[in-house]
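Heads up: the structure comes next, in C-alpha cells.
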Amino acid sequence: MAPSRKIVEEECMDSSKIVWVVGKHGMLARAFAQFFQEKDIKFIATGKDEVDITCSARVEKFLNVNPVGLVINCAAYTHVDGAEKERAKAKCLNSDAPTNLSKILKKRGINFIHFSTDFVFNGFKEGGFTEEDETRAQGEYGKTKLQGDFGVLRENPEALIVRVSWLYGPGENHFVGKILKKLQNGENLTVVDDHQGSLTLASDVVQAVWKIQEQKGIIHFSGRGVSSWYDVARFIASKTYPELIERVKPIKYASLGILTPRPFFSYLNCSKYEKISGEKIASWQDTLSKFLEERPRCVQR
Numbered sequence: 001m002a003p004s005r006k007i008v009e010e011e012c013m014d015s016s017k018i019v020w021v022v023g024k025h026g027m028l029a030r031a032f033a034q035f036f037q038e039k040d041i042k043f044i045a046t047g048k049d050e051v052d053i054t055c056s057a058r059v060e061k062f063l064n065v066n067p068v069g070l071v072i073n074c075a076a077y078t079h080v081d082g083a084e085k086e087r088a089k090a091k092c093l094n095s096d097a098p099t100n101l102s103k104i105l106k107k108r109g110i111n112f113i114h115f116s117t118d119f120v121f122n123g124f125k126e127g128g129f130t131e132e133d134e135t136r137a138q139g140e141y142g143k144t145k146l147q148g149d150f151g152v153l154r155e156n157p158e159a160l161i162v163r164v165s166w167l168y169g170p171g172e173n174h175f176v177g178k179i180l181k182k183l184q185n186g187e188n189l190t191v192v193d194d195h196q197g198s199l200t201l202a203s204d205v206v207q208a209v210w211k212i213q214e215q216k217g218i219i220h221f222s223g224r225g226v227s228s229w230y231d232v233a234r235f236i237a238s239k240t241y242p243e244l245i246e247r248v249k250p251i252k253y254a255s256l257g258i259l260t261p262r263p264f265f266s267y268l269n270c271s272k273y274e275k276i277s278g279e280k281i282a283s284w285q286d287t288l289s290k291f292l293e294e295r296p297r298c299v300q301r
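Under UniProt numbering, think of the first position of the sequence shown as 1, with each following residue one higher.
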C-alpha cells in the first residue's frame, strides 16, 4: 500500500534522499512501491490528489519540502481508445506534464526516470525495434507518448526513458487478468491474432530499471520473444484451464470494428538493456508460467 499523506510528511523529516514515485494508483507504481518496501528504500508515492504534476507550482512546492533524489514517473493517460476522444487530456498527461517535470528536475539536479511505450512504433522489423529506429506512432495515445519522449529528453538529456510493452501484474485490470477471469467463468473468447509484440511483467520492469537507473537516454525493456494476443490467451488457457483451450478463438483486429489505430507489430529489441545489465531477459513464456503458478486458481472446473 502506498504511504498516506500523513506518513509521507513524517518520512520527509529524514534528511536522506528519497525516491518520488508519481502515479501511485497505476500497476507500475504499485510494483515499485512493493519493491521499495521489500528493499527498505525510502520513497514517496503520490497520485493527483497529493501532487498534480500538470501544475508546475504544485510540483515546485512539493519538491521544496521533500528531499527527493530520484523521480520515477509512472503517471500516464493509457486509455488507447479514450485518447482519440480526450486528446487534450492525453497530451497533457503524456506529453506536457512529463516535459515540464523534466525541466523542473533538471534545474534542481534531480534524476528522472520516465516510461514510454511500444505504441510509438508500427510496421515490421526482424528482431524488433531498437532505440535508434524511426518511430511511427499512429493513434493519439502513441503520438502523445512519443511527444513526451521528445520533450523529456529535450529538457533534460540526462533523463532515462524506458519503453515497455504489454504490461501485466497482480489484479485483473490488464490483458492477462481479464483472460484469466473469462476462463474462470467458462466463457468463450475471441482474441486478436494479427497484432504482435511481447508480454512484460511489471515487477520485472521494476527490477530492471533499478539496475540501470544511472543510465540516460532511451532503453527498451520487455519480455523476450514475439507473440500475438491470441498466442498469449492460448498459453494462459493451456497452463490454467487446458480443458477450455478450444474456447479461445482467433479474430482479426479489423473484424472488431474499432477505429482506433494500433500497431500491428511493436516488438521491442532489448539488446541494449541486456548489454548494459549483463543479463539475458527471460522469455515471456517462462515469466508468465511462473506468474500463473504463483497465482491461486480461484475456480476449479
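Built from N, CA and C at the ideal position, the CB exists for glycine as well. Here the structure is a predicted model, which is why all the values come from computation and not from measurement.
For residue 329, which residues in the same chain have their Cβ closer than 6 Å to its Cβ, ignoring the five residues on either side in sequence?
The displayed coordinates of the chain run from 1 to 301. Any statement about residue 329 would go beyond what the structure contains.
For A254, the three-state DSSP class (helix, strand or coil)
As a working note, residue 254 is residue 254 in the sequence shown. Correct three-state label for A254: helix.
Interface flag, P98 vs chain C, CB-CB below 8 Å:
Note that chain C does not occur in the displayed structure, where there is just one protein chain.
Straight-line gap, R30 to I161 (C-alpha atoms, nearest Å):
In the sequence shown, counting from the first residue as 1, residue 30 sits at position 30. In the sequence shown, counting from the first residue as 1, residue 161 sits at position 161. Those two C-alpha atoms are separated by around 19 Å.
Let me check understanding here. Comparing Cα to Cα, which of D52, E38, I72 lies closest to V209?
Position 209 of the sequence shown, counting from 1, holds the residue named residue 209. It is I72 whose Cα lies nearest to the Cα of V209.
Continuous alpha helix (DSSP H) stretch holding N100: start and end:
For the purposes of this step, residue 100 is taken as the residue at position 100 of the sequence shown. Per DSSP, N100 belongs to the alpha helix (DSSP H) from 97-108.
Taking the straight line between their C-alpha atoms, what separation do you get for I110 and N94?
Taking the sequence shown and counting its residues from 1, the one referred to as residue 110 is at position 110. Taking the sequence shown and counting its residues from 1, the one referred to as residue 94 is at position 94. When rounded, the separation of the alpha-carbon atoms in I110 and N94 is 20 Å.
Where does W229 sit, in a helix, a strand or coil, going by DSSP?
Position 229 of the sequence shown, counting from 1, holds the residue named residue 229. DSSP, read as helix, strand or coil, puts W229 in helix.
Taking I41 as the reference, which of D49, V22, F32 has the closest Cα?
In the sequence shown, counting from the first residue as 1, residue 41 sits at position 41. The residue among D49, V22, F32 with its C-alpha nearest the C-alpha of I41 is F32.
Helix, strand or coil for F43 per DSSP?
The residue given as residue 43 occupies position 43 in the sequence shown. In the structure shown, F43 sits in a strand (DSSP, three-state: E or B).
Rank F115, V68, W284 by C-alpha distance to the C-alpha of L105 and give the top, closest one.
For the purposes of this step, residue 105 is identified with residue 105 of the sequence shown, where counting begins at 1. The option with the nearest alpha carbon to L105 is V68.
Secondary structure, alpha helix (DSSP H): runs of 4+ residues fully inside the stretch 183-225:
202-211
Cβ pair P157, K216 closer than 8 Å:
Mapped onto the sequence shown, residue 157 falls at position 157. Mapped onto the sequence shown, residue 216 falls at position 216. Here P157 is near K216, since their CB atoms are less than 8 Å apart.
Which of helix, strand or coil DSSP assigns to T287:
Walking along the sequence shown from the start, residue 287 turns up at place 287. The answer is helix: DSSP assigns T287 an H, G or I state.
What residues in its chain sit with their C-beta under 7 Å from that of K178, if we drop five residues either side in the sequence?
The residue given as residue 178 occupies position 178 in the sequence shown. Cβ within range, chain order: E172.
For a test of the three-state rule: what should DSSP assign to T54, helix, strand or coil?
Numbered from its first residue, the sequence shown carries residue 54 at position 54. Of the three classes helix, strand and coil, the one that applies to T54 here is coil, per DSSP.
Return the residue from the list L167, I245, Q213, F291 that minimises the CA-CA distance to T190.
Taking the first residue of the sequence shown as 1, we reach residue 190 at position 190. The shortest C-alpha to C-alpha distance from T190 to any of L167, I245, Q213, F291 is the one to I245.
Residue burial classification, C74 (beta-carbon count within 10 angstroms, cutoff 16):
For the purposes of this step, residue 74 is taken as residue 74 along the sequence shown, with counting starting at 1. The residue is buried, with at least 16 neighbouring Cβ atoms inside 10 Å.
So, does the stretch 262-269 touch the stretch 219-226, judging by three or more C-beta pairs under 8 Å?
The stretch 262-269, when compared against the stretch 219-226, does touch it at the 8 Å Cβ threshold.
Alpha-carbon spacing of P242 relative to L259, whole angstroms
By one-based count along the sequence shown, residue 242 stands at place 242. By one-based count along the sequence shown, residue 259 stands at place 259. Taking the straight line joining both Cα atoms gives about 33 Å.
Exposed unless 16 or more other CB atoms sit within 10 angstroms - verdict on G186:
Here residue 186 corresponds to residue number 186 of the sequence shown, with the count starting at 1. Per the 10 Å Cβ criterion, exposed.
Using beta-carbon positions only, say whether T135 and V120 come within less than 8 Å of one another.
In the sequence shown, counting from the first residue as 1, residue 135 sits at position 135. In the sequence shown, counting from the first residue as 1, residue 120 sits at position 120. Closer than 8 Å, so yes.
So which of K272, R108, W284 has the shortest CA-CA distance to F62?
Counting from 1 along the sequence shown, the entry for residue 62 is found at position 62. Measuring from the Cα of F62, the nearest candidate turns out to be R108.
Nearest residue (CA-CA) to S289, options S56, V176, G197:
In the sequence shown, counting from the first residue as 1, residue 289 sits at position 289. If we check each option's Cα against that of S289, V176 comes out closest.
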